[in-house]
Every structure is written in structure tokens, then in C-alpha cells.
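Enquirer:
Protein chains: 2
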Amino acid sequence: MRVIGDLKKVNLLVRKIKREGKSIGFVPTMGALHEGHLSLIRQAKRDTDFAVVSIFVNPKQFGPQEDLKRYPKPLKKDLALCRKLKVDLIFLPQVKEIYPDGFATFVNVFGLSEMLCGANRPGHFRGVATVVTKLLNIISPDLLYLGQKDAQQALIICRMVEDLNFPVKVKVMPVVRDEDGLALSSRNAYLNKSQLKEAQVLFKALSLAKVMIEHGQTNPGRIIQKIQDLIQNKKQAKVDYIAVVDPQSLISLKQIGSEALVCLAVKFGKTRLIDNLRIRV
Amino acid sequence: MRVIGDLKKVNLLVRKIKREGKSIGFVPTMGALHEGHLSLIRQAKRDTDFAVVSIFVNPKQFGPQEDLKRYPKPLKKDLALCRKLKVDLIFLPQVKEIYPDGFATFVNVFGLSEMLCGANRPGHFRGVATVVTKLLNIISPDLLYLGQKDAQQALIICRMVEDLNFPVKVKVMPVVRDEDGLALSSRNAYLNKSQLKEAQVLFKALSLAKVMIEHGQTNPGRIIQKIQDLIQNKKQAKVDYIAVVDPQSLISLKQIGSEALVCLAVKFGKTRLIDNLRIRV
Chain B
159 MRVIGDLKKV NLLVRKIKRE GKSIGFVPTM GALHEGHLSL IRQAKRDTDF AVVSIFVNPK
219 QFGPQEDLKR YPKPLKKDLA LCRKLKVDLI FLPQVKEIYP DGFATFVNVF GLSEMLCGAN
279 RPGHFRGVAT VVTKLLNIIS PDLLYLGQKD AQQALIICRM VEDLNFPVKV KVMPVVRDED
339 GLALSSRNAY LNKSQLKEAQ VLFKALSLAK VMIEHGQTNP GRIIQKIQDL IQNKKQAKVD
399 YIAVVDPQSL ISLKQIGSEA LVCLAVKFGK TRLIDNLRIR V
Chain V
159 MRVIGDLKKV NLLVRKIKRE GKSIGFVPTM GALHEGHLSL IRQAKRDTDF AVVSIFVNPK
219 QFGPQEDLKR YPKPLKKDLA LCRKLKVDLI FLPQVKEIYP DGFATFVNVF GLSEMLCGAN
279 RPGHFRGVAT VVTKLLNIIS PDLLYLGQKD AQQALIICRM VEDLNFPVKV KVMPVVRDED
339 GLALSSRNAY LNKSQLKEAQ VLFKALSLAK VMIEHGQTNP GRIIQKIQDL IQNKKQAKVD
399 YIAVVDPQSL ISLKQIGSEA LVCLAVKFGK TRLIDNLRIR V
């Protein structure tokens, strides 16, 4: 496994790999790897000849009041996990290499970026789209792996890849959960014991929505109310949003038809967690 | 020479060329080719193994009041010119293939895009940056050729290529002028005989600025005043802007040091012409 920070070196290596006719699978991450990330990496190893993982905590996707500074950076552990999975290349750039002085170019996916998480995190998805564009150009992968946990992010990147004609195929992999149903997230590390326990309510809430829809409930308002009641029973939970949306457009459904994406963002203390469940009737 | 409109076919062909280890030179155009374009194409033929010219009148870079509909489209003549220069591939996409329903992603180079032409053509450079991003992803050239006539556009694309790590080298080629000094432009075709004659004043004005600077004039205000007087002597000329700027940042100079870019936009009737001259002391 090679670990490279220098953009030019990565570019040279990637071009060499391409010339050899090998396919490249790419998993962009902010580090603090968990089983969710590892599931993407394993898929990249299965699908392609050369698996690249980037570890870069992207400042452009954090708001001024957000957790950029305290975002976990367990680099040694991350590298050990990647080594175990036989990752071929870790791309580990410095912030000043990715955003040098005078940096001025941004990619924006309008519409999808302003709703749900975008409404509460202005500029967040612009930062995501911009860094992913850069990484795609640096790594030039054949396959890009994203997690369904960040459903909105995955949709935005798929839209961007299509709109801007990036020559890459995107695979969105299922949410990985712990035994209590909590979706794995690097931010779970912020939670104390009681918050961790309370956060189990999120998957219970999504599962409740699933049961309601499967039993014929077609009114999103009813579902949202039930979920909200369930979550607000937890002392430390503060709902950011709960929404029942079209899985492609993310527009709120007025009535549930053949499928729905139920998604939510809830704060426990200072820690904001997101989760979602796609439900087909 | 192959002429292809279909994105997937172009992509397949380009990938084949790449696999053969050939280099690709790319000249993006809106058609209505003149000697300016041809100078870029000749350079692409000299530098690379496979020269691609795109002909696409990009609606996203025209304002609602601009000349999208009447923009000249002498396709047969364009194709004949390209054939003569042994262009390898003409990429000739349809608008609905480049901007299908639901298209939502835009690339913006902040700062550089808002000044000069950007101030009078809001959204113009966002449209340019977006379509060039798409074309770079579709064609994946090794070398990209731009004309210095559109100085601001060239700077913006260079900035974008650097900021977003596109794996392409950009060559900006000199302005090509007719025997009277008029910079070649597809829009010159709109001018009637008297306007064509009056438009010769633009290069005279730039040349006057050069003489003034070479004779020690360091005050941009004085130069702009002189140029303006000269241009406004012409009955049909209406100045959009005249500026003496830093050639990299496009910020107006307060005092001229070692170099300056003198640039201007002037309307003759409904036709807006731009020109510029880089002056080193």
C-alpha cells in the first residue's frame, strides 16, 4: 500500500496504472474509517484492479460553526484498516495543496443542494461537489463508491457526474448499522454513553415509518408526526428535520405512492446525526 | 475526418485513441470559424496526434437579451475548413444532449467572472466554465487551445483547470487580426460596411495605449480617457468598458508598473466587440 500526499506524484502513478490497462476504484473519505467505509473499500477491491482511498477532511464542506476542528483524525488506525483490506493507494493531501492561495472555483448542483441538510448547512454541498470534482480529476477512477447513509450527498454527486459528463460509474452502497440499528458514522465517536443509547431511536423511527407505509399509510404528515413524537421522547434529542421525500428529486411527498425516502437529521448534544431509509411499497 | 454528435460514440472513440497512446488536442468553438480558430487548430495539429474541434453554440453563456438566436451557423463552411486542416474529429452535439432535462450543475470561477465582460453579461462565464468542464470530461484532451482575443475567458478557464485539477495543459494563442488590425471574431459578420470601418478604431485605440505606456505614461485614467475620446469619435461606437488591468487578476491598475492588459468592449449598432492588448514595459 502506497501513501501519497503530493498531487503530481499521485497523478503520475494513476496515469501509469491507466496505461497498464488497469481499472481504478475510488473511495473518497474524511478518514475516521468505520465498517461503512470498509464496505465501500471491499467493493472497490472486488470490482477493480487498483483501489484508491482518499483521506481528506474537506474544510469547504464545514460551516463556520461546525465541527471541522474537532473532527476525528485517527490516521494510524485508518492506515492499518486500509492495509488490512489491501488498499493499493491512500491519497492523503494537505489542505493547502487542495486549496492553494487564489483558489476560486466551485461546483454547485442547484436544487438538490438547498433542501434537507443543505437548508441547515449552507455551502455544505457546494464544498462536497467541488472537492469530489477535484478528486475525480486527480484520481480519474473508473468506479466511484459512495455510501447511502449520506443519501443526499450520493444523489448530488450522481447528478453532478451525469451533468458534467465525468467518465466514471458511481456505486452507492447500503447503510451499515451496528447491532442496535444505529447507522455507522465517524461522528458517533462524539456521543457519550447515554447519547449513544438515545440515538438508537433514529433507526426505530425509520422502521416505524416503514411499518406505517407498509400498512397503507400514505399521508407523510402522519408519519412525520409519529416519528417526531418517538424521537422527542428522548431527552437529549433535538430534531433538525424529518422528511418524507421522493428518492430522486428529494422533494417532499404530498402523498406516498410506490416509494419514499424517509430521512432525518437529529442533534444529540452538539452532535448532529443523519439517517434515512428507502421504502418501496 | 469524423463528425460525431453522440456523446457515447465520442467517448468510445476518445478512449480508443487514448488506449493507443495517442495525445489529443482540443479546440472548443461555437463554429463560424475564422483564422483565429484556425490558428488554434493548426497548433493542435502540430502538437498532438489527434485534433478534436467541438462546434457547439452554448446557450448557457448567452443572456436573455443576447444574440443566441442569430449567432452565425455556417456549418458546411466550418466542416470544409476543418477538413482542409485535417482535423481528426468534429464533435457536434445537440443542445438537448449537453443540457438534458433536469440539468442542474454549474461551475463558477468567482472573482474573475464578475469583472469586465462578466459585469455586463451576468452568468456568461458560469456558462463558459460549465460547458468547458463538460467538454473536457467528454474529450479528455491532453492539450486545450484557447484564443487570447477572449482574454478574460482564457484566464477563467486556466484558473478553473488549475483549481479543479483537470489533467490538461492549456495553450493560449495570440489574437489574429485582419490587415486593418480588427481582431477576428465570428461576430464581425454582423457588422455592415460602415461599422466594419469604424471598428478599426479598436486596435488603433489599443495601439495608442501601448505608445502612451511605452512613452512613460503610468496613469491608467489618462490612457482610458484618451482611448475613450478616440473611440467616441466614431458615430456608431458605444463604449461598454475600457479598462487597464493586471493581466493575471484583471483588477484595475492604479498605476502601471511592468505590465498591463488594456481591454475593451464596444458596441457598434447591436454588435458588441471585444479586444485587448497585453503591454510589457
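Residue numbers (the working numbering), protein chains in the order written: chain B, 159 to 439; chain V, 159 to 439.
We put the beta carbon where it would ideally sit given N, CA and C, even for glycine.
Between glutamate 255 of chain V and the rest of its own chain, which residues show a CB-CB distance below 8 Å, the 5 nearest in sequence each way excluded?
Expert: Answer for glutamate 255 of chain V: Gly163, Asp164, Leu165, listed in chain order.
Enquirer: Distance, Cα to Cα, aspartate 246 of chain B vs alanine 262 of chain V?
Expert: Between aspartate 246 of chain B and alanine 262 of chain V, the C-alpha separation is close to 34 Å.
Enquirer: Going residue by residue through the segment 277-326 of chain V, where are the continuous beta strand (DSSP E) segments of at least 3 residues, counting only ones entirely within it?
Expert: Counting whole runs of 3 or more residues, the segment 277-326 of chain V contains the beta strand (DSSP E) stretches 301-305.
Enquirer: Residues in the segment 255-270 of chain V with C-beta within 7 Å of chain B's C-beta atoms, listed in sequence order?
Expert: The segment 255-270 of chain V vs chain B, Cβ under 7 Å: Phe261, Ala262, Thr263, Phe264, Val265, Asn266, Val267, Phe268, Gly269, Leu270.
Enquirer: Could you have a look at valine 245 of chain B and say whether DSSP puts it in helix, strand or coil?
Expert: Looking at valine 245 of chain B - three-state DSSP - the assignment turns out to be coil, as it is neither helix nor strand.
Enquirer: To which residues does DSSP link isoleucine 162 of chain B through a beta bridge?
Expert: For isoleucine 162 of chain B, which the question treats as bridged, DSSP gives the partners B:Phe249.
Enquirer: Give me the chain V residues within the contact set of aspartate 300 of chain B, using Cβ-Cβ distance strictly less than 9 Å, ordered along the chain.
Expert: Under the 9 Å cutoff, chain V gives no residues; its nearest Cβ is about 11 Å from aspartate 300 of chain B.
Enquirer: Identify each residue in the segment 270-296 of chain V for which the Cβ-Cβ distance to at least one residue of chain B is less than 7 Å, and report them in chain order.
Expert: The residues in question are Leu270, Thr291, Lys292, Asn295, Ile296.
Enquirer: Just verifying my parser: in three-state terms, what is the DSSP assignment at isoleucine 414 of chain B?
Expert: Here isoleucine 414 of chain B sits in coil by DSSP.
Enquirer: Among B:Lys180, B:Gly379, B:Pro258, B:Arg317, which has the Cα closest to the Cα of aspartate 321 of chain V?
Expert: When each option's Cα is compared against that of aspartate 321 of chain V, the closest is B:Pro258.
Enquirer: Taking any Cβ of chain V, which residues in the segment 310-330 of chain B have a Cβ under 7 Å from it, in chain order?
Expert: Residues Arg317, Met318, Asp321, Leu322, Asn323, Phe324, Pro325.
Enquirer: Determine whether the beta carbon atoms of glutamate 417 of chain V and valine 439 of chain V lie at a separation below 8 Å.
Expert: It is a contact, given that the beta carbons lie within the stated cut-off.
Enquirer: Looking at C-alpha atoms only, which residue of B:Asp205, B:Asn391, B:Glu178, B:Asp433 is the closest neighbour of glutamine 306 of chain B?
Expert: Selected option, being the one with the closest Cα: B:Asp433.
Enquirer: Assuming contact is defined by CB atoms lying nearer than 8 Å, are arginine 279 of chain B and asparagine 266 of chain B in contact in what I supplied?
Expert: It is not a contact, given that the beta carbons lie outside the stated cut-off.
Enquirer: Would you mind sorting lysine 392 of chain V into buried or exposed? The rule is 16 or more other CB atoms within 10 Å of its CB.
Expert: It counts as buried.
Enquirer: Using a Cβ-Cβ cut-off of 8 Å (strictly less than) and excluding sequence neighbours within five positions of isoleucine 314 of chain V, which residues of its own chain qualify?
Expert: Val267, Leu270, Ser271, Phe283, Val286, Ala287, listed in sequence order.
Enquirer: According to DSSP, tyrosine 399 of chain B sits in a beta bridge with which residue or residues?
Expert: Answer is B:Ala423.
Enquirer: Return yes when the Cβ of glycine 339 of chain V is within less than 8 Å of the Cβ of lysine 355 of chain V, no when it is not.
Expert: Not closer than 8 Å, so no.
Enquirer: At 8 Å on the CB atoms, spell out the chain V contacts of leucine 165 of chain B, in chain order.
Expert: Ordered by position in chain V, the residues that pass the 8 Å Cβ test against leucine 165 of chain B are Asn323.
Enquirer: Take the Cβ of valine 420 of chain B as the centre, count every other Cβ of all protein chains shown within 10 Å, and call the residue buried at 16 or more, exposed below.
Expert: Classification for valine 420 of chain B: buried.
Enquirer: Counting only Cβ-Cβ distances shorter than 9 Å, please list the residues of the segment 206-224 of chain B near chain D, keeping chain order.
Expert: Within the model displayed, chain D is absent; protein chains B and V are what it includes.
Enquirer: I'd like the ranges of any alpha helix (DSSP H) spanning at least 4 consecutive residues and lying wholly in the segment 160-235 of chain B.
Expert: Runs found: 165-177, 193-205.
Enquirer: Pick from V:Val330, V:Leu302, V:Pro299, V:Asn323: whose alpha carbon is nearest that of glutamine 310 of chain V?
Expert: Considering only alpha carbons, the answer is V:Val330.
Enquirer: What separation, rounded to the nearest whole angstrom, lies between the Cα atoms of leucine 366 of chain V and histidine 192 of chain V?
Expert: Taking the straight line joining both Cα atoms gives about 26 Å.
Enquirer: Given this structure, state the Cα-to-Cα distance separating lysine 351 of chain B from arginine 241 of chain B, to the nearest angstrom.
Expert: Each residue's alpha carbon lies about 30 Å from the other.
Enquirer: Which of the three DSSP states, helix, strand or coil, is assigned to methionine 273 of chain V?
Expert: Methionine 273 of chain V: coil per DSSP, three-state reduction.
Enquirer: What is the residue span of the beta strand (DSSP E) that leucine 435 of chain B lies within?
Expert: Residues 429-438.
Enquirer: I need the straight-line Cα distance from aspartate 205 of chain V to lysine 227 of chain V, nearest angstrom please.
Expert: For aspartate 205 of chain V and lysine 227 of chain V, the distance between alpha carbons rounds to 35 Å.
Enquirer: Only counting runs of 4 or more residues, tell me where the alpha helix (DSSP H) segments fall wholly within the segment 319-371 of chain V, in order along the chain.
Expert: Correct list: 351-356.
Enquirer: Anything in chain B within Cβ reach of asparagine 169 of chain V, meaning under 7 Å, just list it in chain order.
Expert: Result: Pro325.
Enquirer: Can you check whether the CB of valine 326 of chain V is closer than 8 Å to the CB of leucine 294 of chain V?
Expert: Yes, they are a contact pair.
Enquirer: Let me confirm a value: valine 168 of chain B is counted as buried when at least 16 other C-beta atoms fall within 10 Å, else exposed. Which label applies?
Expert: That one is buried.
Enquirer: What residue range is occupied by the uninterrupted beta strand (DSSP E) comprising phenylalanine 268 of chain V?
Expert: Phenylalanine 268 of chain V -> no beta strand (DSSP E), and no H or E assigned at all.
Enquirer: Is it buried or exposed for glutamine 219 of chain V, if we count other Cβ within 10 angstroms and need 16 for buried?
Expert: Buried is the call here.
Enquirer: Could you tell me the distance, in whole angstroms, from the CA atom of alanine 341 of chain V to the CA atom of leucine 435 of chain B?
Expert: Spanning the two alpha carbons is a distance of roughly 59 Å.
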